[in-house]
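Q:
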Amino acid sequence: MESQVPAVVAVVVTTGTGPWLEQTLASLAGQNYVELSVLVLVTGDGPDPTARVGRILPEAFVRRLPGRPGYGAASNEALGMVEGAAFFLLCHDDCALDREAVHNLVEESFRSNAGVVSPKFVHWDDPSILLHVGMHCDKTGAVVDRIQDGEVDHGQHDAVRDVFVAPGGCILIRADLWRELEGFDPGIVAMGEDLDLSWRSQVAGSRVVVAPEARVRHREAVASGALALSVDGVEVDGVRVTLQGLQRRHELRVVLKCYSWFHLIRVLPQAALLALGELLVAVLARDRRRLRTVAGAWWWNARHLSELHGLRRQVAAHRLFPDAEVRRLQLRGSARLSHYLSRLSHQGLDAANAVVSRGGQVRRHEKVERPLLTGSVGVAFSEDADFDELDDLGHRSGRDRFGHQVRQSFLSTGRQRVVAVVVAALVVVIGTRELFFGSLPLVGQLAPLPGWSASWHHFFSGWQPAGVGTTAPATPAFGIVGVAGTVLFGAMGLVQKVLLLGCIPLGAVGLSRFIRHLVSPRARVVAVICYLGLPLPYGALGTGRWDGLVAYAVFPFIVARLARAGGIAPFDQVAGQGWRSEPFGQVVILGAIVALGTSFAPAVLPLTLVCTLALAGGGLLAGQAKNVGHLCTVGALAAGAAVVLCAPWAVGTLLAGRHAVEIFGLPISTSAAPGWGEVVRFAIGPTARSPIAWLLVGGSALPLLLGRGLRLVWAARLWTMACASWVLAFAATHGWTGAFTPSESVVLVPAAIAVAAGIGLGISSFENDLAGQAFGWRQVACGLALAATTVGLLPAVAGALGGRWSLPSSGIEQPLAFLDRSGGTGVYRTLWLGDPRSLPVGGWSVEPGLAYALTDDGLPDATDVWTPAGPGPAGMVARAVQLAITGGTVHLGQLLAAQGIRFVVVVNGLSPAALGLPASVDAPPPAGLQGALLDQDDLEIRPGEFGVQVFRNAAVMPVTAARTRALPSTTALSWPTAPDVVGWRPVLDALAGREAATGELSPGTVYAAYAPAGSFTLTQGGRRVTRQPVFGWAAQFTGTTTGTARLSLRQFPYVPLAVASEVALWLVLATALVGRRRTRARREE
Amino acid sequence: MSPAHHAGGRRWLVLVVVAAVFVGLALAARAPGKSAPGGPPPSPAALVGAASAESSAWYCTGQTTVAGALAPGSVILTNTTARAVSGTIDGVTDSGARVATAVSVPARGQTVATVPTPASGTWLSEVVLLSRGGVAVTQALRGPSGWAEAPCQSSTSPQWYFPSGATTGSDAMFVVLFNPTSTPDVIDLTFATAKGVVHPINFQGLVLQPGQTQVESVGVYVQEQPSIATTVTTRIGRVVASELELFSADGSGLAIVPGSPQPQQEWAIPLSVEIPGGSSSIDVFNPGPTAQEVTVRTRLASGPLSPFRARVPPQSTWVLSTSAQTRIPSGDPYGAVIDARGGAGVVVGRIVAAPATALAPQSGMTDAVDGLSFATPTREWLVPSPVSASLDGTVPDSLDLLNLSGRSETYAVAVMRPTGSRTLESGQIPAATSLSLSAPALARAGLDPLLVHASGPAAVSEDVGPTGVFGVVTMPGIPLSSPSGG
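Here the protein sequences line up with chains A and B, keeping their order. Under my numbering, the first sequence has 292 at position 292, and the numbering climbs by one with no breaks. Counting the second sequence from 1 gives a position; my numbering is that position plus 1085.
1. Going by DSSP, which residues form a beta bridge with V851 (chain A)?
2. What residues from chain C crowd round V890 (chain A), counting only those whose CB sits closer than 8 Å?
3. Need the endpoints of the alpha helix (DSSP H) that D196 (chain A) sits in, please.
4. For the region 965-983 of chain A, which residues have a CB atom closer than 8 Å to at least one CB atom of chain B, in sequence order?
5. Give me the Cβ distance between W20 (chain A) and R219 (chain A), rounded to the nearest whole Å; I'm assuming they're in contact under 8 Å.
6. D935 (chain A) touches chain B at which residues, Cβ-Cβ below 9 Å?
7. Count the other CB atoms, across all protein chains shown, that sit within 10 Å of the CB of V283 (chain A); report buried if there are 16 or more and exposed otherwise.
8. Check this for me: beta carbons of A1279 (chain B) and L1487 (chain B), under 7 Å apart or not?
9. Locate the alpha helix (DSSP H) running through T1186 (chain B), then write down its first and last residues.
10. At what residues does the beta strand (DSSP E) containing E182 (chain A) begin and finish?
11. Specify the secondary structure class of A748 (chain A) as computed by DSSP and reduced to three states.
12. Along chain A, in chain order, which residues have C-beta atoms closer than 8 Å to that of S1566 (chain B)?
13. Just to confirm, are P212 (chain A) and D158 (chain A) a CB contact at a threshold of 7 Å?
14. Among residues of its own chain, excluding the 5 on either side of A491 (chain A), which ones have a beta-carbon nearer than 8 Å to its beta-carbon?
15. Check the Cβ of L1110 (chain B) against every Cβ in chain A and list those closer than 8 Å, keeping chain order.
16. Taking only the alpha-carbon atoms, compute the straight-line gap between H1284 (chain B) and F1276 (chain B) and give it to the nearest angstrom.
17. Find out if the Cβ-Cβ distance for the pair D93 (chain A), T17 (chain A) is shorter than 7 Å.
18. Is the Cβ of W844 (chain A) closer than 7 Å to any Cβ of chain B?
19. Considering A1421 (chain B), what are the terminal residues of the beta strand (DSSP E) in which it resides?
20. S1128 (chain B) versus chain A: which residues are under 8 Å apart at the beta carbon?
21. For the region 1371-1401 of chain B, which residues have a beta carbon sitting closer than 9 Å to at least one beta carbon of chain A?
22. Let's see if you can read the secondary structure: which residues bound the alpha helix (DSSP H) around H630 (chain A)?
23. Using a C-beta to C-beta distance shorter than 8 Å, which residues of chain A count as neighbours of G1434 (chain B)?
24. Just verifying my parser: in three-state terms, what is the DSSP assignment at S599 (chain A)?
25. Leaving out five residues on either side along the sequence, give the residues of the same chain with a beta carbon under 6 Å from the beta carbon of E1494 (chain B).
26. Quick test of the definition: if touching needs 3 or more C-beta pairs under 8 Å, does the region 499-510 of chain A touch the region 551-558 of chain A?
27. What first and last residue would you give for the beta strand (DSSP E) that runs through K120 (chain A)?
28. If I'm right that L449 (chain A) touches Q496 (chain A) with Cβ under 8 Å, what's the distance once you round it to whole angstroms?
29. Report the CB separation of G183 (chain A) from L252 (chain A) in whole angstroms; it is logged as a contact under 8 Å.
30. Does DSSP classify F740 (chain A) as helix, strand or coil?
31. Any beta carbon from chain B within less than 7 Å of L390 (chain A)'s own beta carbon?
32. Looking at chain B, which residues of the region 618-648 of chain A have a Cβ within less than 7 Å of any of its Cβ atoms?
33. For chain A, is any of its Cβ atoms less than 7 Å away from the one on A1135 (chain B)?
34. Counting contacts by CB-CB distance shorter than 7 Å, is E940 (chain A) in contact with chain B?
35. Identify, in the order they occur along the chain, each residue of the same chain with its Cβ nearer than 7 Å to the Cβ of G567 (chain A), setting aside the five sequence neighbours on each side.
36. Would you kindly check if the distance between the Cβ of G1373 (chain B) and the Cβ of P1399 (chain B) is under 7 Å?
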């Protein structure tokens, strides 16, 4: 009987080395399709497989091709060898087709009028596991599988569907289409030829469908690494060129050749942007392989641009479908980005960056992750609980497979959670949008950073100009700023914004890492959103507080590390790697985090101890005494480690005596202290002050009511921490903690963590602890808590509308602009007075609510913000101001003359542009201060300044001055008398930030208001001028002659050496942390 | 079962602790803070600076420059410390002429400064700059209308209040303004009369340059008013102001009133006596924006009288004519305490007039003792001697104390001499009662300054004679900000 079925030629390309060829041929031989011919194309110089073919399929044609062309190029040879076939079945040599596979494929081709038909691929060894049921791709060519990794075949995908990519193991293609397309792209040697063929088929107007009734077992020998890729010109060594690298370069090649110009112009920049983002992630994750892969793809295509012109022309020649139609079949958005964010949301940063945890012992809770740098990103949605609800394009239909409407549980899917996080991030970005550009106002601690070299100099310098000068070492914050400035090529404005604004997302990441061990992914996302939705960071930003923002960023990490190092369940189950997982390593790492935070916000150090005690106390309160002692020990040791890592600065601080505690914060006036309601709801800034924020606090109480087991224990811990934080903040702002008055923006951070984590625990309790409970108050409480949490976020959302979190648009730089251009001759200082929260510089306390600081001429910078703990001889200024306030002098100008104070600036509040703020935010100076200054007969006010009061000292002496008559030499601290301050003329230039001050002198006496006086030497013509102490702290040099003089610091470089040791310690630690990981990664490669 | 499974039993313990913390915070929020609001504490118009002060200043205003003019006067410096204090007196006239002189005050002594006659100008204001604290500066005026004395002011202020004043008949009232600071002042004068509040256009926006003094005759713009309360307010800057009243309508008299820098809720008049044929009144001025409930409690030696109460509208004065009150018997000494509720406070003054037949001066005006003065932490007050070269014959008539603590307090009155202080009298004062040391008792002190010490808050003033009647010329006790003798 004459056959009525179209002829099919199966083209099997083999190198003859694979052991699966026989099974492939046997499956072809066993087909029930009568018009099936087999053409075996042999490539490479391996053993001749003709005999093997003959044993299984004697009627098969065997052709040996020269060289080692790729699979596509080899298959294309069939075009010239076969005539009269209606279909080609393009097969790998590691496929085994079910008996009716060809029949089903051909049948479906006719039924669906499809040009390309793909079978259902199942696992070679276990046919119940699906491999592919067709594939999709997004606009950038990233291929996405339709199934989950390891998904069992229950027939759930057994419907014929349009797909975008027919996987390459076995493809049935109409012969005319294949001829029209001129076969595979020979430039794609492996990985991606199926994408290219499928894409071009659709451009040519053909459907690509999957026919699941046709089942094929596929070994995927090359992709799985079981068989090396053997192609001329390509050496896949796993390091320089990987299969993933080939996939990425070919995906990009397909994009470049298959889009029309219009769409290419649209898509290519997006692809480039995504690639840049991926590169950035790779750099941050120290993932060299990913870096090489992504960059290599673009570089390879750039080198092959000349080929693309012809290929594009070829695609255009047979285009029937416009790109708009093709795009309709692709996934929306970026599959690769979705995949990354999904993993980031579900498994954390390491997993998202494909950093594999291979070292050490894998513990019970540890999920072994494998790098996901393959062409397929099919697991992007693998955690979707309702994956089946996705249609072929990954869109949600809203109905299940039975057509029933699906009610989605809130944040139950990875996509929903990613969307929620992205929305929260968008709110933060929108709320911060006006701060991204331009310079920040001189408000709070937002003084501009010094240049990168100046930062380094300040960090290593043995002398700082703070006050009237000190040899106390600078905070390590200057080292960090110096590093950041160097890395960013001196763009210090950018450094400031990156460090400052980056604290908010960093804090969110920290909280996410902290809570991931406690709650479900859904609860984790809600907790992170709540942490972002609390007014605290925006209050700190709106008032220009570095310390509050840094504390917001680091404390979640500190709390997480405390729990882990302290061995508190379930953190005791978290695995680590190498020495870092040892007790010593955990303490060192925690100490390093504390040290980093303390550098910018010194109150982080004592607050770490408070958190330690609170976590221990909370555990005891809940009946969990296990590891309490260990936790306390770890907290204390970590604090000690932090002190060691900041040793020079710490020693300098301790040497400040009773002033040392002022490093944590200066006391504020009780009249301008925040109320307890403001403290508890974190309303310490100008934005998001609505009482609605109470609802967040209320919502976080849910786990205390519902929680069971560890959730209740952790709720107790968190609430103890919150209570400790609130009580300390309230006590410190109301003067009940003596001289220890840390800033409330720092102290409240643990409470913020507790509230956010408490909300997450509440949701976790809702998920776990209500099971089996009859409907009652618990369910009502859950509903109320969830509603309260949602509404409680509104103040932050409303606060975002302004675009700058109510940070004033301008600070005191406007009314005080004259300080920068006061010019003239001589070096002078400026005395700043005001509430500690409104002073744009760091300083010391005169009395609660009144702080003072001395700066050099001009507007202050960050070197004036992070000042040493003690004022040193500048303390005389505080005494003088106190005297003026109490009516003890009417000659304040004269008393301030010795310090070279030309201007006294009283800062009226947070900013001249900030109007109508409550006193606890505006932070006005003490009432009557202005009157006390106006009563001074030698202070002249500069009228017309808005937001500040500026007094000019009529009795000023320049910082370096000369006159003929010498001052009386005194070693005891004293103030100048009226005759002491007259007759001086300025000499020498400024010393701050330089090695020496120089200038021309005439015979007489030179006065130098720099401390410590004993460390300074004045030389003239190589001769040291005689030095005498004056006023107990300054120096005068008598017997000067005409000529150039040089005033310089002469002392043993204790500080630079100590700081160098500190830097070395940090380098050793960094090397141990980073170097170890790199070594391990290299070994794994 | 892990310990965590037992935690459910602790749920209530945790909830109780959390609730306790919240309740504790709420209660703590109601308690006053431990650290007082920063900045200088409010101080009365005249306060003797701490002996340890690096320097101090006093401002005297209201004197005329030449003998025979309205109110020529002198400056008296009283040193409460054990060390001599030197200083300078810089005078400036309303024409801008300046004079200066050095001055030195011996330890625990008094000095009447001699200021050179300025080249031009009618009115003279002086800044007394001293090298230390512990010195009180007063001024004594003597003109054709009579004589008066009062403390100078130890601080500037952005506002000053004067509760009393009159422009009826030939009575003349002057407001003396002096800007001793380095900041220009822009000043407004407002007058509250029985007919309402007056803002004379010529007294608005007065500009006083640094170091300038200016005197405004109020009668020209606020005519024929028997009770005028004055408010001096600066738009910018701080000023020193005083009020000079010349009585000539119903008996002659001269009064220099330094004014009050802020309203207060408690005032006191240590001792007063109504005499037949004379008149006296207590003027209670409410400068605030809201009405206040004012109570005047008077107490005779025999016991308290029924209090006088009034609701004083904003920007108005309640004139309580004590001489017209039948419940206050003539000739019986009484003390009075005035308190105000419902606002920022009031300012209280007093006008006393003797019968026309009495010894000159017959009329006088002064402020009551303000709450800041009698609540001074040191509980020590200086009463400078009235002695002055230009005031021969003046003697202290009585020293009066009013115990304001609500319980019995101890007191001691000492005379301050270069060799040290000697107690004149000491003892107990029952709660809310007045004590008076009469002229014979004070005679033992001669013309040396007195130091009064009490164990609680007390109002102190000295009646100085000879005048027509008790209260025409009084010198309030000037509080010390640090104990004397340092």
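C-beta: ideal position from N, C-alpha, C; glycine also.
A: Based on what the coordinates show:
1. In the sequence under discussion, the amino acid at residue 851 (chain A) is Ala, which differs from the Val named in the question. Answer is A:G834 and A:S845, bridged to A851 (chain A).
2. Going by chain labels, chain C is absent from the structure shown, which instead holds the protein chains A and B.
3. Judged by DSSP secondary structure, D196 (chain A) falls within the alpha helix (DSSP H) whose first and last residues are E193 to V203.
4. Residues W975.
5. The pair is a contact, with the Cβ atoms about 5 Å apart (cut-off 8 Å).
6. Correct list: A1142, S1240, T1241, P1265, T1266 and R1323.
7. Exposed: under 16 other Cβ atoms inside 10 Å.
8. L1487 (chain B) is positioned such that its CB atom lies no closer than 7 Å to that of A1279 (chain B).
9. Element bounds for T1186 (chain B): not the alpha helix (DSSP H) but the beta strand (DSSP E), R1183 to V1190.
10. Run containing E182 (chain A): none; DSSP gives neither H nor E here.
11. The question names Ala, yet the displayed sequence has Leu at residue 748 (chain A). The answer is coil: DSSP assigns L748 (chain A) none of H, G, I, E or B.
12. Chain-order list of chain A residues neighbouring S1566 (chain B): T886 and G887, by C-beta distance under 8 Å.
13. Yes, these two residues count as a Cβ contact at 7 Å.
14. Taken in chain order, the residues that qualify are G485.
15. The contacting residues are W676, V679, V680, W726, V727 and F730.
16. The straight-line gap from Cα to Cα measures roughly 7 Å.
17. No, these two residues do not count as a Cβ contact at 7 Å.
18. False, the Cβ-Cβ gap to chain B never drops below 7 Å.
19. Unbroken beta strand (DSSP E) run through A1421 (chain B): Y1419 to R1426.
20. Those are G887, listed as they occur along chain A.
21. Cβ contacts with chain A come from no residue of the region 1371-1401 of chain B.
22. Membership of H630 (chain A) in the alpha helix (DSSP H) is indicated by the continuous run V628 to L645.
23. Residues of chain A passing the Cβ test: none, with the nearest at roughly 24 Å.
24. Reduced to three states, the DSSP call for S599 (chain A) is helix.
25. In the same chain as E1494 (chain B), and ignoring 5 residues on each side of it, the C-beta atoms closer than 6 Å to its own belong to N1488, I1514, A1539, S1540 and G1541, in chain order.
26. Touching, yes.
27. A114 to H123 is the span of the beta strand (DSSP E), which, as asked, contains K120 (chain A).
28. About 5 Å; that satisfies the 8 Å criterion.
29. The pair is not a contact, with the Cβ atoms about 21 Å apart (cut-off 8 Å).
30. In this structure, DSSP gives F740 (chain A) a state outside helix and strand, which the three-state scheme calls coil.
31. For L390 (chain A), the pLDDT reaches just 47, beneath the cut-off of 50, and the residue's location in the model is therefore unreliable, leaving the point undetermined.
32. Residues L621, A622, G623, Q624 and K626.
33. It does; some Cβ of chain A falls within 7 Å.
34. Yes, because at least one Cβ of chain B sits closer than 7 Å to the Cβ of E940 (chain A).
35. Within its own chain, the residues whose Cβ lies closer than 7 Å to the Cβ of G567 (chain A), once the five positions on either side in sequence are excluded, are N627 and H630, listed in chain order.
36. Yes, the pair counts as a contact, with Cβ atoms nearer than the cut-off.
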